[in-house]
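Okay, structure first, notes after.
Residue numbers (this note's numbering): 235 to 911.
As structure tokens, then:
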């Protein structure tokens, strides 16, 4: 570390008692001599060979070796001898005589005499000098420097190769990326080592110096500082370029990865994904078949969803690159994004179209199945013979039949709507939807849909025809029951008229005028009864016709007609009796009133007494009729009114007969007096 008086560097070679390897020593000297600059080497070296702990033969060998290692650079060799000098037999070799052959001067000197040739400040304490020197500290720094120099030089070469490769064509760039993309050492670590080394060198202080005394750095350290600074500057420059290259390559790699993934998504969707949809074109012929197709479609959608998830992730990555990317990548990124979106949206539209088509087909088959069940139920109802108990049950059955037919109409209308909607969707299925012409497949689907609707229409028409027949039959049955009920009601009405005739049509009138009024009312009453009887007969005739049409036997018309005829016969007999009584009463009242109203001054009007006898005979006959019942063909008898009613009517007739008899007596008295006079 010191310098001689010529400013030449001092090289100290300490020798020890152990055997010294000349080869190792030679290598060490070569290394040490490679450190100084050429300017320092030109000033020459002063070599101190410390032989105080070695043998003369070793010292001599070392001195002679200097001739081969550094003959030109060595100007003086100081051999430090021990205090007890070597034997004379080994000292006969005079180095000064060999100066010309060796090329440098060699002197033997003791350690305390060494200051004669070298200043004490340039000598270490081992030789009585004051130069502060820590060999281990120097060695450690040198090792760090050598390591940094080696690593930084190698790193600079690698970074230069990488950076220069990035400026070449695409193919060369790709080869450079494949072979030399990553440096052998971490640039950050090398830079940190260099900064620490430079900091140590700039401190100009040895770590192990006593008391921290400052010392002037050696020329090799002064030389190392600019070298380290130059290497650091070069490293920073190359590392900055390298980081940019890495950023560009990372961006390019990311872009290539995105492009590769985009093509994977596109290729799958346009390849296997589209092929899956091409094989799925049917809509099924039943609910179960449509559900099976829906399940298969869900499996296809599940496979597509995985690729759609990749699409979403890629779209986000592309959006992030577009927001932070360079202008040179915008066009390519937008093209990738557009291509990916077009394919994904087109495939998603195809999946949605297929799903909607299958859902419409399922709804169509569901409505068709419900309608078929309704038609089966209606047909089963029509195939069962009608055996109602009365007209109300027929009306209920007919109402249920009409409701079922209306439900079938609504179901068929719903089927047509679903079918037309499904046909519209199929007609909108363009050839691009699955990448092929689907006319043949669509024709099969269309034929199936139209066939189902036509079949349901025919079944519904057959059921309507059967319903019309059943409706007519049931209406006839309703009419039959109605006729039977009305005929029975006519019998009841006629019976009520007969009962009213017997119980309430009792009075014979107080005079001829009243009796005539009663007779007229009775004729009208008989007309009502006649209409009731005729109405019943017509109803019974209608039941016969309806029974013949329905090919059935009426339950009630068989006994209704005899009942009607029997009641009518009874009514006729009773009415005739009533008429005879009223007519007799009219004759009686008319004759009695005529006699009673005649004036006594005209006795010639009563010349014939036969009139009185006739009135009496009519009155008696009328009284007799009041006591006689009406005898019916079956032998039964019925009286008009109650006995008290008949007694009241008879009493009124008797009173009038008394008046007639009194009148007769009055008329006869003058006749009796005339003969006496």
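Don't be surprised by glycine CBs; every beta carbon is placed ideally from N, CA and C. Note that this is a predicted model, so its numbers are computed, not measured.
- [ ] Might you give, ordered along the chain, the residues of its own chain that have their beta carbon closer than 8 Å to the beta carbon of residue 414, omitting 5 neighbours on each side?
- [x] Locating residue 414 in the chain shown gives position 180, counting from the first residue. Residue confidence is low: residue 414 scores 47 on pLDDT, short of 50, so the model does not pin down where it sits. No coordinate-derived value is stated.
Open item on the list: For the alpha helix (DSSP H) containing residue 246, name the first residue and the last one.
Closed with: Taking the first residue of the chain shown as position 1, residue 246 is located at position 12. Looking at the DSSP string, residue 246 is not in any alpha helix (DSSP H); the run it does join, the beta strand (DSSP E), is 243-248.
Open item on the list: At a threshold of 7 Å, does residue 469 count as lining the ligand NAD (C-beta to nearest heavy atom)?
Closed with: Ligands are entirely absent from the displayed structure, and the ligand NAD is therefore not among its contents.
Task: According to DSSP, residues forming a beta bridge with residue 927 - done: The structure shown does not extend to residue 927, since the chain is modelled only from 235 to 911, so the question has no answer here.
- [ ] Determine, using beta-carbon pairs with one atom in the segment 548-560 and one in the segment 486-499, whether at least three such pairs fall under 8 Å.
- [x] yes
- [ ] Go through its chain and collect everything with a Cβ distance to residue 850's Cβ below 8 Å, but skip five positions before and after it.
- [x] Counting from one through the chain shown, the residue named residue 850 turns up at place 616. The residues are 891, 894, 895.
Open item on the list: Quick check: the Cα distance between residue 258 and residue 430, rounded to an integer number of angstroms?
Closed with: As a position in the chain shown, residue 258 is number 24, starting the count at 1. As a position in the chain shown, residue 430 is number 196, starting the count at 1. Approximately 31 Å between the Cα atoms of the pair.
Open item on the list: Buried or exposed, going by whether 16 or more other CB atoms sit within 10 Å of the CB of residue 747?
Closed with: Counted from its first residue, the chain shown places residue 747 at position 513. Result: exposed.
Task: Bridge partner(s) assigned by DSSP for residue 912 - done: Lying outside 235 to 911, the shown extent of the chain, residue 912 is not represented and no answer is given.
Open item on the list: According to DSSP, simplified to helix, strand and coil, what is residue 262?
Closed with: Indexing the chain shown from 1 puts residue 262 at position 28. If DSSP states are grouped into helix, strand and coil, residue 262 belongs with the helices.
Task: Nearest-angstrom Cα separation, counted from residue 481 out to residue 382 - done: Counted from its first residue, the chain shown places residue 382 at position 148. Counted from its first residue, the chain shown places residue 481 at position 247. The alpha-carbon atoms of residue 382 and residue 481 are separated by roughly 26 Å.
Open item on the list: Between which residues of its own chain and residue 256 is the CB-CB distance below 7 Å, once the five residues before and five after are set aside?
Closed with: Counted from its first residue, the chain shown places residue 256 at position 22. 295, 299, listed in sequence order.
Task: Cα-Cα separation between residue 614 and residue 585, rounded to whole angstroms - done: For the purposes of this step, residue 614 is identified with residue 380 of the chain shown, where counting begins at 1. For the purposes of this step, residue 585 is identified with residue 351 of the chain shown, where counting begins at 1. Cα-Cα distance, rounded: 43 Å.
- [ ] Output yes or no for whether 8 Å exceeds the beta carbon distance between residue 599 and residue 518.
- [x] The residue given as residue 599 occupies position 365 in the chain shown. The residue given as residue 518 occupies position 284 in the chain shown. In this structure, residue 518 lies closer than 8 Å to residue 599 by Cβ.
Open item on the list: Just to check my reading of the structure: residue 731 and residue 816 have Cβ atoms closer than 8 Å, yes? What is that Cβ distance to the nearest angstrom?
Closed with: Looking up residue 731 in the chain shown gives position 497. Looking up residue 816 in the chain shown gives position 582. Their Cβ separation, rounded to whole angstroms, is 17 Å, which puts residue 731 and residue 816 out of contact at 8 Å.
Open item on the list: Please report the distance separating the alpha-carbon of residue 548 from that of residue 645.
Closed with: Counting from 1 along the chain shown, the entry for residue 548 is found at position 314. Counting from 1 along the chain shown, the entry for residue 645 is found at position 411. Roughly 49 Å separates the two Cα atoms.
- [ ] Use the C-beta contact count for residue 464: other C-beta atoms within 10 angstroms, 16 or more gives buried, fewer gives exposed.
- [x] Residue 464 sits at position 230 when you count from the first residue of the chain shown. Classification for residue 464: exposed.
- [ ] Flag this pair as touching only if the segment 631-651 and the segment 695-707 have three or more C-beta atom pairs under 8 Å; answer yes or no.
- [x] yes
Task: Assigned secondary structure, residue 631 (DSSP; H/G/I helix, E/B strand, else coil) - done: If you number the chain shown from 1, residue 631 lands on position 397. Three-state result, residue 631: helix.
Task: Residue closest to residue 767, alpha-carbon to alpha-carbon, out of 782, 350, 797 - done: Here residue 767 corresponds to residue number 533 of the chain shown, with the count starting at 1. For residue 767, the nearest C-alpha among the options comes from 797.
Open item on the list: Rounded to whole angstroms, what is the Cα-Cα separation between residue 286 and residue 473?
Closed with: Mapped onto the chain shown, residue 286 falls at position 52. Mapped onto the chain shown, residue 473 falls at position 239. Looking at the two C-alpha atoms, the distance is approximately 52 Å.
Open item on the list: Tell me which residues share the same chain as residue 884 and place their Cβ nearer than 7 Å to its Cβ, disregarding the 5 neighbours each side in the sequence.
Closed with: For the purposes of this step, residue 884 is taken as residue 650 along the chain shown, with counting starting at 1. Here the set comprises 857, 860.
Task: Of the residues 682, 864, 538, the one placed nearest residue 509, counting alpha carbons only - done: Working through the chain shown from its first residue, we reach residue 509 at position 275. Minimum Cα distance to residue 509 is reached at 538.
TODO: Give the straight-line distance between the Cα atoms of residue 370 and residue 280, rounded to the nearest whole angstrom.
DONE: Locating residue 370 in the chain shown gives position 136, counting from the first residue. Locating residue 280 in the chain shown gives position 46, counting from the first residue. Cα to Cα, residue 370 sits roughly 22 Å from residue 280.
TODO: Could you tell me whether the segment 677-694 touches the segment 722-738, using the rule of 3 or more Cβ pairs below 8 Å?
DONE: no
Task: Length-filtered (4 minimum) alpha helix (DSSP H) runs lying within the segment 767-809 - done: none
Task: Minimum C-alpha distance to residue 488 - residue among 362, 567, 627, 628 - done: Walking along the chain shown from the start, residue 488 turns up at place 254. It is 567.
Task: Where residue 558 falls, given that 16 or more other Cβ within 10 Å makes a residue buried - done: Taking the first residue of the chain shown as 1, we reach residue 558 at position 324. Exposed, because fewer than 16 other Cβ atoms sit within 10 Å of the Cβ of residue 558.
- [ ] Report the rounded CA-to-CA distance for residue 248 versus residue 310, giving the unit in angstroms.
- [x] What you label residue 248 is simply residue 14 of the chain shown in a count that begins at 1. What you label residue 310 is simply residue 76 of the chain shown in a count that begins at 1. One C-alpha to the other measures close to 16 Å.
Open item on the list: By DSSP's criteria, residue 282 is part of a beta bridge. Which residues make up the other side?
Closed with: Locating residue 282 in the chain shown gives position 48, counting from the first residue. DSSP, once it has assigned bridges, lists 246, 312 as partnering residue 282.
TODO: Under the assumption that residue 595 contacts residue 524 (Cβ atoms under 8 Å), give the Cβ distance between them as a whole number of angstroms.
DONE: Walking along the chain shown from the start, residue 595 turns up at place 361. Walking along the chain shown from the start, residue 524 turns up at place 290. Yes, residue 595 and residue 524 are in contact; Cβ-Cβ is about 5 Å, under 8 Å.
- [ ] Compare the C-alpha of residue 434 against each of 418, 459, 417, 358 and name the closest.
- [x] Here residue 434 refers to the residue found at position 200 when the chain shown is read from its first residue. When only C-alpha atoms are compared, the closest one is 459.
Open item on the list: So, for residue 214: in the same chain, excluding its five sequence neighbours on each side, which residues have a beta-carbon less than 7 Å away from its beta-carbon?
Closed with: Summary: the structure shown does not reach residue 214, with the chain confined to residues 235 through 911, and so no result is reported for it.
TODO: Round the Cβ separation of residue 355 and residue 362 to the nearest angstrom and send it over; I've been treating them as touching at under 8 Å.
DONE: As a working mapping, residue 355 is identified with position 121 in the chain shown. As a working mapping, residue 362 is identified with position 128 in the chain shown. Not a contact, Cβ separation roughly 11 Å.
Open item on the list: Taking DSSP's pairing of strands, which residues face residue 365 in a bridge?
Closed with: As a position in the chain shown, residue 365 is number 131, starting the count at 1. In the DSSP output, where bridge partners are listed per residue, residue 365 has 358.
- [ ] Assign residue 872 to one of three DSSP states: helix, strand, or coil.
- [x] As a first step, residue 872 is located in the chain shown; it is residue number 638 there, counting from the start. Three-state DSSP puts residue 872 in a strand.
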